[in-house]
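Peer 1: I'd like to ask you about the structure that follows.
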Amino acid sequence: MAEVINMPRLSDTMEEGVVAKWLKKVGDKVEEGDILAEIETDKATMEFESFHEGTLLHIGVEEGETAPVDNLLAIIGEKGEDISGLLKGDSKSSNKEKTKTESKDASKEAPVADSKDKKEEQSESTSEIPEGVEVINMPRLSDTMEEGTVASWLKKEGDTVEEGDILAEIETDKATMEFESFYSGTLLKIGVQEGETVKVDTLLAIIGPKGTDVSGIGSGKSEAKSTNSKEENNSQDEDSSNEASEEKSEVNTTEAKDGSRIFASPLAKKIAEDKGVDLADVKGSGENGRIVKKDVESFQVSAKPAAEKVESPAASSEKTVQTYMPAGEESFEEIKNSQMRKTIAKRLGESKFTAPHYYLTIEVNMETAMASRKQINEIPDVKVSFNDMVIKASAMALRKHPRVNSQWTGDNTKIAKHIHMGVAVAVEDGLVVPVVKFADQLSMTQIGAKVKDLAGKSRNKKLQPSEMEGSTFTVSNLGMFGITEFTSIINQPNSAILSVGAIVEKPVVKNGQIVVGNTMKVTLACDHRTVDGATGAAFLQTLKVYLENPVTMLA
1 MAEVINMPRL
11 SDTMEEGVVA
21 KWLKKVGDKV
31 EEGDILAEIE
41 TDKATMEFES
51 FHEGTLLHIG
61 VEEGETAPVD
71 NLLAIIGEKG
81 EDISGLLKGD
91 SKSSNKEKTK
101 TESKDASKEA
111 PVADSKDKKE
121 EQSESTSEIP
131 EGVEVINMPR
141 LSDTMEEGTV
151 ASWLKKEGDT
161 VEEGDILAEI
171 ETDKATMEFE
181 SFYSGTLLKI
191 GVQEGETVKV
201 DTLLAIIGPK
211 GTDVSGIGSG
221 KSEAKSTNSK
231 EENNSQDEDS
241 SNEASEEKSE
251 VNTTEAKDGS
261 RIFASPLAKK
271 IAEDKGVDLA
281 DVKGSGENGR
291 IVKKDVESFQ
301 VSAKPAAEKV
311 ESPAASSEKT
321 VQTYMPAGEE
331 SFEEIKNSQM
341 RKTIAKRLGE
351 SKFTAPHYYL
361 TIEVNMETAM
371 ASRKQINEIP
381 DVKVSFNDMV
391 IKASAMALRK
401 HPRVNSQWTG
411 DNTKIAKHIH
421 MGVAVAVEDG
431 LVVPVVKFAD
441 QLSMTQIGAK
451 VKDLAGKSRN
461 KKLQPSEMEG
471 STFTVSNLGM
481 FGITEFTSII
491 NQPNSAILSV
501 GAIVEKPVVK
511 NGQIVVGNTM
521 KVTLACDHRT
531 VDGATGAAFL
541 QTLKVYLENP
551 VTMLA
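Going letter by letter, the sequence shown gives residues 1 to 555 in full-length UniProt numbering.
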């Protein structure tokens, strides 16, 4: 009997997944334990193995596509087995019922404090819905989603829609996802235009029998926050909306300069529009030359010819010195914030504005540390960095000052008996903090190998969720960029974070004489709710002893 495999929940916060790569294709033999696909979650790209044996009969999510948890991913069964019932019947109907149930639940959970006018509008709206017409609201595509942005519409008003057709691409707080229709009919109305952002459960579209009058449903009640609000200000007549759609179609042209058709994904068109890129100049890397997201993002606009010089009104024969007057146009480029940037902003804001930060800075003499590191690295197959030394020294200092290794919970302060060091790593999309667990029990060489492995996984998006959880203290190092001193925002629920600067060659006083020395500044940001100033200062004094005398870390 065929087995239906749904999109798995590979982390505690995962709500949807992207199939990065299929390692099996339809018709392949599958054994229990075989890796079926690589799935990208909200934290890492992970291998997904099969728990069934048989033949891969159907793939429900193609490479690069996003699907919510529990959506149909694949079907495994006996070769030649009929799975039409699973594809057309049980699978879709269950999804449809689930979506309807969620929609009803969402409406039940709406705030009770809404005004009477809003309730009256809702009752009037539902009472005016003609027979056979289905109202589609902005769906809640993740547990944290409060609003969604329509990246692109794949159907336009008047188009015939079948159950299962992709209506639009919707950007949530975690990813851009395809939203499919659970109804069949004609797309009678689009309630949210491309680029607009609306709250969950706001009118998104209306589907019903062709020719049905739906002008009275949801008219003038859209809560859309258009990114082009100035262009749409106080204007809702048909002429202006038609002009806007014509302008948009001109930007998202699908014809090359020679008149031939350009094949491009909707997301690629949207990115091209935002960046002002002409798709006719972009070479597609997809199937049959189709332009995809990465083609537009990697496209380099060729330098435009320099603006022609404005000739001076004075005659060329005259040698009069002209006062230079710079001329130009004031302009800004607006880059829309990705959902990842919004999440980073939200979490760092919560930390900065809820935890009372204060900062302590010391300067460490690194002469002995530099000599010790040089000797250690002369050993074959051994490589220790200054950052490895800082992590080891911090871990040992935390063992002597456990109050710094704590968390604030409101009613209690939790002091961790274990020491898990978070190491801030910059990646292309932002910042991640992989965790070196039980760092106080590791040698500097073991810490170096572990950090190198975790940093590589971070940049290749192969980091597992378990490798980013559970830190009790964090180290952030910008010394390799020449930054001598800086402060960091605490990585909650930690109580402190250490900011490490560059080693600087400078004059220092030694035995009453001014000599050339090498020093490094480190700054400890503390949460005053759990770590008092004297406690933080004592921690830094211990840290300084370890760094200035690395041999003490070997005792």
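In this text, a Cβ means the ideal position worked out from N, Cα and C, and glycines have one as well.
1) Along the chain, where does the beta strand (DSSP E) that runs through Pro507 open and close?
2) Considering Cα atoms alone, identify which of Ile503, Thr212, Lys392, Arg399 is closest to residue 597.
3) Just how far apart, CA to CA, sit Glu350 and Thr409?
4) From the DSSP output, in three-state form, read off Asn549 for me.
5) Are the beta-carbon atoms belonging to Met366 and Ile503 less than 7 Å from one another?
6) Buried or exposed: which applies to Leu543, given that a residue is buried once 16 or more other Cβ atoms fall within 10 Å of its Cβ?
7) Taking Asp165 as the reference, which of Glu194, Leu187, Glu49, Thr144 has the closest Cα?
8) Nearest-angstrom Cα distance between Glu49 and Leu86?
9) Taking the alpha-carbon of Glu38 as reference, which of Glu180, Ile490, Ser84, Gln464 has the nearest alpha-carbon?
10) Taking only three categories from DSSP, how would you classify Thr144?
11) I'd like the list of long-range same chain contacts for Gly512, defined as Cβ closer than 7 Å, with 5 residues on each side in sequence excluded.
12) Quick one: is Ala280 buried, meaning 16 or more other Cβ sit within 10 Å of its Cβ, or exposed?
13) Please report the straight-line C-alpha distance between Gln407 and Ile419, rounded to a whole angstrom.
14) Here's a check: name, in chain order, each residue in its chain whose Cβ is nearer than 7 Å to the Cβ of Val4, leaving out the five neighbours to either side.
15) Restricting to Cα atoms, I'd like to know which of His52, Ala20, Leu57 is closest to Thr41.
16) Around the Cβ of Ala306, are there at least 16 other Cβ atoms within 10 angstroms (buried) or fewer (exposed)?
17) Using only the alpha-carbon positions, how far apart do Thr176 and Val508 sit?
18) Would you mind stating whether Tyr546 and Met396 have Cβ atoms separated by less than 7 Å?
19) Could you pull the DSSP bridge partners for Gln407 from this structure?
20) Among the residues of its own chain, which have a CB less than 6 Å from the CB of Thr523, if the five just before and after it don't count?
21) Thinking C-alpha only, which one of Phe299, His357, Asn518 is nearest Ala369?
22) I think Ile376 touches Val423, with their Cβ atoms under 8 Å apart; what is that distance to the nearest whole Å?
23) Check Leu10 in the structure and name its three-state DSSP category.
24) Touching or not, the stretch 426-436 and the stretch 449-466, by the rule of three or more beta carbon pairs under 8 Å?
25) Cβ of Val277 within 7 Å of Cβ of Ile291?
26) For Ile207 versus Glu131, is the C-beta distance shorter than 7 Å?
27) Let's see if you can read the secondary structure: which residues bound the beta strand (DSSP E) around Gln513?
28) Taking its Cβ as the centre, do 16 or more other Cβ atoms sit within 10 Å of Glu467, making it buried, or is it exposed?
29) Leaving aside the five residues before and after Lys462 along the sequence, list all residues of the same chain whose C-beta is less than 7 Å from its C-beta, in chain order.
30) In the DSSP assignment, what residue or residues form a beta bridge with Phe182?
31) With DSSP run on the structure shown, which of helix, strand or coil describes residue 560?
32) Give me the Cβ distance between Arg403 and Val531, rounded to the nearest whole Å; I'm assuming they're in contact under 8 Å.
33) Does the separation of the CB atoms of Ser152 and Pro68 fall below 7 Å?
34) Quick one: give me the first and last residue of the alpha helix (DSSP H) that Lys390 is part of.
35) In whole angstroms, give me the CA-to-CA distance for Thr535 and Lys342.
36) The beta strand (DSSP E) that contains Pro266, what's its start and end?
Peer 2: In short, the structure shows the following:
1) 496-510
2) There is simply no residue 597 to check, as the chain begins at 1 and stops at 555 in what is shown.
3) 14 Å
4) coil
5) yes
6) buried
7) Leu187
8) 21 Å
9) Gln464
10) coil
11) none
12) exposed
13) 13 Å
14) Leu72, Ile75, Leu86, Ser91
15) Ala20
16) Unreliable positioning characterises Ala306 in this predicted model, as indicated by a pLDDT of 44, which lies under 50. A coordinate reading is not provided.
17) 55 Å
18) yes
19) Lys414
20) Tyr359, Thr361, Thr487, Ser499
21) Asn518
22) Their Cβ separation, rounded to whole angstroms, is 20 Å, which puts Ile376 and Val423 out of contact at 8 Å.
23) coil
24) yes
25) no
26) no
27) 513-527
28) buried
29) Ala44, Thr45
30) Answer is none; Phe182 lacks a bridge partner.
31) With the chain represented from 1 up to 555, any question about residue 560 goes unanswered, as that position is not in the structure.
32) 6 Å
33) no
34) According to the sequence provided, residue 390 is Val. The question's Lys does not apply to it. It spans 386-400 - the alpha helix (DSSP H) in which Val390 sits, taken as one unbroken run.
35) 34 Å
36) Unbroken run through Pro266 is the alpha helix (DSSP H), 266-275; no beta strand (DSSP E).
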